[in-house]
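What follows is one structure encoded as structure tokens, with my remarks underneath.
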Amino acid sequence: MNAAGQLQAAGGQSEVRQEDENQEKKQEKVLEVNPEDSVSQCVSHTSSASSAMLKAMSRKAALAAEAAAIEERQQLELEEFQLTQRKLRLSMQTKLRVAEAEEQIYLEFENKKLGISFPEKEQDETLPYTPGKVVTETVVPTKSTKCKPITADRSDHGQPLTMSDDSDVVTLLKEGQQEQRRLWEVMQLPKAELTPYDGNPLEFWEFWRSFEDNIDSSSCGDRTKLTRLLYYCRGEPKRRLSPCLLMNASQGYSTAKRLLIERFGDPVVITDSWMKKITSGKQIGPRDKKGLRELADDMSVCLMSFQAMGFEQELSPQKVLLPLAERLPFHLKGKWLSRVGAIRRQERIPRFEDLMYFVQEAAQEVNDPVYGELMSGQSEQRTPSRSGKSKGSFSTSSTAKPVELHVECFQCKGNHRLWDCKQFKDLPPKDRMRLARNKGLCFNCLRRGHMIGACSSKRTCSVDGCTRKHNKLLHMTEPDGGTQNRNVEQEASCSSTGAGRKSVLPIVPVRVKAEGCQVMLWTYALLDQGSTSTFCSASLARSLGAKGVKGKLLLTTLDRKESTVHTEAVSLVVDSGDNSKQIKMLCVYTKENINVKGVHMATVDDIKGLTHLRGIDIPVATEDEVGLVIGQDVPEALMPLEVRHGEKGPYAVRTCLGWSLHGPLSRACEMNTPVYATNTFIEGDLCLERQLERFWKLETPDPYKEERAMSRNDVKALAEWEQGICIEEGHYQLPIPFKKRPPDLQNNRWLAERRLQSLGRKLSQSDGLLQKYTDGMADLLKKGYAEEINELDSKKECEWYLPHHPVFHPQKPGKVRIVFDCASAWKGLSLNDVVNQGPDLTNKLIGVLLRFRTAPVALMADIEAMFHQVRVPAPDRDVLRFLWWPTGDLKEDPCVYRMCVHLFGGTWSPSCCSYALRRTAEDNKGEFSPEAVKAVTRNFYVDDCLISTKDEEDAIRLAQELKSLLEKGGFNLIKWTSNNRKVVEAIPVEDRSKQVKDLDLSKEALPVERALGIKWDVQEDRLEYKTLIKEKPLTRRVCLALCQAFMTRLAT
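Residue numbers for the sequence shown follow UniProt numbering, beginning at 1 and rising by one.
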């Protein structure tokens, strides 16, 4: 009987007993007769009593029958409960028997294997059952008996197993009620809605945990789970998982989960996303309280996430903290700098937690609910009056009640700004300008208190074609607006130069013609010492019939930097008249407008009274446009031949083109007279030719010039190799060129263990990758490139562990290369940081290729595992430690190994191995021909040998000498191939390239090989390029990129 049934039965019995008692009381009341009653009353009582008794007896009989039925139902439920208990005991006993049988089989097998016979095992008396007999007695309680104890043959201690009827039933009832209550509470919980996942790694585990709890843990089929998983994925995750629908349900669902976790749940991807989020965010303003709070929260969540994944040490490097500190407001940067100084005085470097606590404190201060607004309020400043008199200082007091600032419009006296006034906007521009001038307003922001020259606003006029610094409401579009605009410029000029003085420019009248033409025209030329190039107006060039090369010009002035101008480079000839010197200007750029007029010259009244200018033919002002600007690229036109000057005022300079006047005039201008301000700094750069010239000089160096300058660190590395080089077991041994000994590296085993765990997860999720990686590690140990070390040895002065990972080459499918991460940082330092790179001893790629094509018979070979042929001294090997599972079992504890050779991944390795290769040729040059020694130093690009000879006999001899020469240094030349079949036949089969080994040289064509990243058709003896062109819009940038793709290798 379950707990709910027992509770219901007990409640039913109580209700029956209560009804019986009430009925008996009613009967006693009905049969009661008082002495004072009459006979008729007694007869009436008797008849009514008989009727009541019949009803009571019938009711009692019905209740008795119901009670009997209830009792039988209780007995059935109790029997059902006992049967359930028996089933459970029988299941447990069956499991024990199965375990005992398995144990017996194992013992018999071991006995047979060892040849030992034992007597037959006796029955274990400690077992909680007797084989062949399960339950000896089961008593079902009846109406007159209580439930007897349920007894088995033996309990756990050999005693009868009993259960008390009353206490156990009550306990079961309570447990059933509690279970029902828990189920009911779970059913009453709000329904959890899954948020769709769009591929953000920072939100992956939130989505995945919710999916596991709601869908993955349910009992529905894998097809349903897979469908739901794709339903809740969006964008890239959905595209990634869509092929799983084509698989069977179980495989598709497991593959979908694996792909999703590998792509978006990888701790490395999540940490990288966090790094980008906290370091690449926007700059926080000084009053951005919300932004500062969000940064503090992001840093806190980031730290907890990194700690959960075991990557918290990745947050400590200073290159992570610096971008974070740069995002802070300026006033907090100073405080953080002081905090850093205090931390450094504690003889430690700042950590991520230090910056996080600092930002949290700052965010808490500015977001204080009471005092947080102290730093964000703006105090209203009283502006000085128009008359310029000081009104004196004043103080203001603040109260809790906000003060409404009253703004009065200067036009309609309304409560709004002037630029929002409808009446002001309806005025003509001339009246708007007059109002602004009369009210003493700034012509840019339309406020009082300053002029346009001191306005802090950076905006300019938004009218098309106008870039001046004035409000668009003051822009003059009427015919007479030019004067008003010039008044604006005059007012700006007076605020900076004062007095409205007029300055003249060195403008002279000249004759000009196009080179090779006879047509000469008069124009004005500005002798501009602030211009780096010479310009002429496009209309002048057309009138002269000048033709040139069209292109684009990068024009830089005081106002704009590197603005692009379409131009044409022409050649002109200029002079000052008949019988004067002609000056050739080979590169003159055309421009639509020069924007300099003759009004910048002096008038007759300006030079009247200047005695030092008497007798000089000074050109006077005119309204004509200046058509020519002669710059510093024509120095003979600017060279002064004579100078006349007085005590003050302008001075005159004579050049080969005549006299010109320079400097300010003593006469002041009237305020209503326009004053022009002209800057003369002009820099022109014909971008097409100049950029191409720089590009080709950069990308095509001299292929025959191999000399390179060496730094002090390069010289130091070479000196250390010269001193420490030796031959060990037929291989050169060179020390690691540390910047100082011992290096400042701290034990980073914790980081290496974390990276190893991540590597193990990646290897276990890819089919066959773990076995390939294990074979690669075994090959390193077998060939002596690595060795196992005993951790019980005495502690070394410097221990450094290198993480490692697999690398795949797209041209070599199926091959896995193990690369050690020498750039992995711990506490701000990596192995590459403490090692000198060494000099660049690698030959230039284009030089090797060109020398490869100088003779008809070409050979190509490769050094087998070049970096692993140069040994590392034993004292330096402890910085090359790494962890790995010796048998490839990821459940075992990893062992410690260390590399005995220089690594592919160390910044010093290319220089070190190239030095060993050249040293091999130098040490053995007396035993081999000069051609072989020269080939080692000139025809190798890292480990690739490309050489050509004049005939096949020289090629065979040179191939044999090169192989023997390099074997002296422990290097093995393999993968030989040649465009000459006799040369290939002379090379041993085991040393030939893979594609040539099984080739029938008498019949089959020679294959296509890879030579320094390009393709070499050996049969046709030609180099080929293969470029993958992606489908992109044909813009100029894409076209240039496609052209560059063909020259990528030659530009290396």
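Think of the CB as a built atom: it goes at the ideal place given N, C-alpha and C, for glycine as much as any other residue.
Best match in the options for proximity to residue i [C-alpha to C-alpha]
| i | options | result |
| --- | --- | --- |
| L769 | S91, R1036, Q75 and R817 | R817 |
| E931 | E753, E961, D944 and A325 | E961 |
| K1003 | I1014, Q1019, L1012 and K1015 | Q1019 |
| E203 | S242, V870 and T271 | T271 |
| V1008 | L1023, R881, D1000 and K997 | L1023 |
| K950 | N748, T854 and L83 | T854 |
| V936 | A858, V848 and A1005 | V848 |
| D893 | Q757, C517 and Q837 | Q757 |
| F81 | A61, L172, E100 and A69 | L172 |
| F852 | S824, S964, A955 and D998 | A955 |
| N444 | G814, D1000, H470 and H645 | H470 |
| P201 | E262, Q177 and Q178 | E262 |
| S914 | I284, S929, I863 and S964 | I863 |
| L763 | D889, M710 and K827 | D889 |
Cβ shell of residue i (< 6 angstroms), same chain only, five flanking positions each side left out
| i | result |
| --- | --- |
| S503 | P664 |
| G310 | R754 |
| L661 | V504, A602, I618, P650 and A652 |
| R468 | C461 |
| T907 | N832 and Q837 |
| A541 | V570 and T590 |
Neighbourhood of residue i by C-beta, 7 angstroms cutoff - its chain only, sequence neighbours within 5 removed
| i | result |
| --- | --- |
| Y785 | H868, M899, C900 and V901 |
| G265 | F204, W205 and W208 |
| L194 | S210, F211, N214 and Y232 |
| Q378 | Since pLDDT at Q378 reaches only 40, below the 50 mark, its modelled position is unreliable, and no value is offered. |
| C442 | H450, M451, I452 and C455 |
Residues sharing a beta bridge with residue i, DSSP
| i | result |
| --- | --- |
| H804 | F820 |
| R511 | W522 and D575 |
| K812 | H809 |
| V857 | T949 |
| K608 | None, per the DSSP bridge assignment. |
| S563 | L555 |
| L527 | I630 |
| P201 | In the DSSP output, where bridge partners are listed per residue, P201 has none listed. |
| I974 | D862 |
Buried/exposed call for residue i, threshold 16 Cβ in 10 Å
| i | result |
| --- | --- |
| residue 1075 | Given a span of 1 to 1052 for the chain in the structure shown, any question on residue 1075 remains unanswerable. |
| P910 | buried |
| S531 | buried |
| T590 | buried |
| G482 | Unreliable placement is indicated for G482, whose pLDDT of 38 sits below 50; the coordinate value is still reported in the next sentence. Counting Cβ neighbours within 10 Å, G482 comes out exposed, since fewer than 16 surround it. |
| I105 | exposed |
| G926 | exposed |
| C517 | exposed |
| L831 | buried |
| A1041 | exposed |
| D876 | buried |
| Q746 | exposed |
| M866 | buried |
| R1037 | exposed |
| S457 | exposed |
Same chain only: Cβ atoms within 8 angstroms of residue i, ignoring 5 sequence neighbours per side
| i | result |
| --- | --- |
| E353 | L303 |
| W750 | Q313 |
| V872 | Q733, L734, P735, I736, L880, M899, C900, V901 and H902 |
| K1015 | V1008, E1009, L1023, E1024, Y1025 and K1026 |
| G334 | none |
| residue 1061 | Past the boundaries of the shown model lies residue 1061; the chain is included only from 1 to 1052, so the question cannot be answered. |
| L473 | W419, F424, K425, P429, R432 and L446 |
Contact with chain B by residue i, beta-carbon distance below 8 angstroms
| i | result |
| --- | --- |
| R754 | Of the protein chains in this structure there is only one, and it is not chain B. |
Heavy atom of the ligand HEM within 7 angstroms of residue i beta-carbon
| i | result |
| --- | --- |
| F424 | Among the components modelled here there is no ligand, and therefore nothing to report on the ligand HEM. |
Three-pair Cβ contact test at 8 angstroms for the stretch 965-982 versus the stretch 724-736: Yes, the stretch 965-982 touches the stretch 724-736.
Cβ pair count under 8 angstroms reaching 3, the stretch 884-897 against the stretch 770-783: The stretch 884-897 makes contact with the stretch 770-783, as at least three CB pairs between them are under 8 angstroms.
Contact between the stretch 232-251 and the stretch 273-292 (3+ Cβ pairs under 8 angstroms): Short answer: they don't touch.
Any 3 or more C-beta pairs closer than 8 angstroms across the stretch 572-584 and the stretch 508-524: Yes: at least three Cβ pairs fall under 8 angstroms.
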